[in-house]
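K.L.:
In my numbering, the protein residues as written are 13 to 358. One structure is given below, represented as structure tokens, and several questions about it will come after.
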């Protein structure tokens, strides 16, 4: 795989080429979210900034012009601050990672003072309004101040376009580096699910949902994942029928089925796996029949996931297999039939 600097440079060049003349793109890292008093939630920057920089730090701004000129504002190394808050990359490391000259990476305190210079005489601003109210007010204030001086020949952007209009279409097509990270996230998640299935068999008297969840998430971390892709669902017995069950207050007996819907996040890329298994390692006859039915429905859906098929074809294939299977198991008293966009039970 090529050096990561190649990918960040390539993404930056492609993005610049899609911007309209006389425009400016501005991305700002979200502020840390306060949990309570002086405690914060674990920090995660925006996915757009991760895509363009791979840097997960706050107090960070990314500016880009259609000509490909990129300016970064970030925190520089400061031993006193880092003693309390931990280390940051600093200007030189950021410049090296992104393939930029060091002078293009500036100390973050300069951002507010220099923002008007970047906005001046730009006709269009690409920006993610609505994510950071303080940043929104700062930008609008600087634009208004520039426009009040328009008689002197200077003006601010008159068109505000959400950054997704130029960036998200590009992000749809994954490059080699992204595919590698997605595979790694999936591998870590799959191995953790398998380890949990083996782990629960040792508990002859059953095991709590909380213990299973803790074990699974520890496996994610042990394999190098930085975070959860979403809150894990570990549901035993009847709790598995609750679509977004997150309380983990239940207890699985060896004869119970356990549903686990969980995935890790690895370098900003998420995995998402849902599996159901018997806590004790062995299905009852009915549990086995239902598991095989769901597996057959999944395989039918995969077969319909082909170029040229309609988006709803995999769903319809799975519904047909599930319906017939439940009918054959005498668990379904009515049969669904599709009529337009509705399902009629006969």
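Heads up, the beta-carbon is just placed ideally off N, CA and C, and yes, glycines get one too. Please read these numbers as outputs of a predicted model, since none were measured by experiment.
Does DSSP classify residue 185 as helix, strand or coil?
P.N.:
Here residue 185 sits in coil by DSSP.
K.L.:
Determine, using beta carbons only, whether residue 208 and residue 272 come nearer to each other than 9 Å.
P.N.:
Taking 9 Å as the Cβ cut-off, residue 208 and residue 272 qualify as a contacting pair.
K.L.:
Find out if the Cβ-Cβ distance for the pair residue 102, residue 89 is shorter than 9 Å.
P.N.:
Against a cut-off of 9 Å, the Cβ pair of residue 89 and residue 102 comes out as a contact.
K.L.:
Tell me the start and end of each unbroken beta strand (DSSP E) in the region 187 to 274 that is at least 3 residues and wholly inside, in chain order.
P.N.:
Runs of the beta strand (DSSP E) inside the region 187 to 274: 245 to 248 and 269 to 274.
K.L.:
May I ask you to report which of helix, strand or coil DSSP gives residue 137?
P.N.:
Here residue 137 sits in strand by DSSP.
K.L.:
Just how far apart, CA to CA, sit residue 67 and residue 277?
P.N.:
Whole-angstrom Cα-Cα distance: 15 Å.
K.L.:
Any idea which residues DSSP pairs residue 282 with across the strands?
P.N.:
277.
K.L.:
Using the beta-carbon count (16 or more within 10 Å), is residue 230 buried or exposed?
P.N.:
So residue 230 ends up on the exposed side.
K.L.:
With a Cβ-Cβ cutoff of 9 Å, do residue 175 and residue 139 count as a contact?
P.N.:
Yes; because the gap between Cβ atoms is below 9 Å, this pair is in contact.
K.L.:
What's the C-alpha gap between residue 20 and residue 47?
P.N.:
Taking the straight line joining both Cα atoms gives about 33 Å.
K.L.:
What is the DSSP secondary structure of residue 74, reduced to helix, strand or coil?
P.N.:
Residue 74 falls in the strand class under three-state DSSP.
K.L.:
If I'm right that residue 82 touches residue 112 with Cβ under 8 Å, what's the distance once you round it to whole angstroms?
P.N.:
Contact holds; Cβ gap of about 6 Å.
K.L.:
Hey, out of 233, 55 and 34, whose CA is closest to residue 44's CA?
P.N.:
When each option's Cα is compared against that of residue 44, the closest is 55.
K.L.:
Is the beta carbon of residue 9 sitting closer than 9 Å to the one on residue 308?
P.N.:
Past the edges of the chain, shown from 13 to 358, lies residue 9, and the structure says nothing about it.
K.L.:
Specify whether the region 176 to 185 and the region 255 to 262 touch according to this definition: at least 3 beta carbon pairs, one from each stretch, less than 8 Å apart.
P.N.:
Contact fails: fewer than three Cβ-Cβ distances are below 8 Å.
K.L.:
What is the DSSP secondary structure of residue 173, counted as helix, strand or coil?
P.N.:
In the structure shown, residue 173 sits in a strand (DSSP, three-state: E or B).
K.L.:
Measure the C-alpha to C-alpha separation of residue 13 and residue 186 and round it to an integer number of angstroms.
P.N.:
Any answer about residue 13 is weak, because its pLDDT of 43 lies below 50 and its placement is not dependable; what the coordinates show is given next. The straight-line gap from Cα to Cα measures roughly 14 Å.
K.L.:
So, with DSSP's three-state summary, where would you put residue 142?
P.N.:
Residue 142: coil per DSSP, three-state reduction.
K.L.:
Starting from residue 314, trace the alpha helix (DSSP H) in both directions and tell me its first and last residue.
P.N.:
Start and end: 297 to 315.
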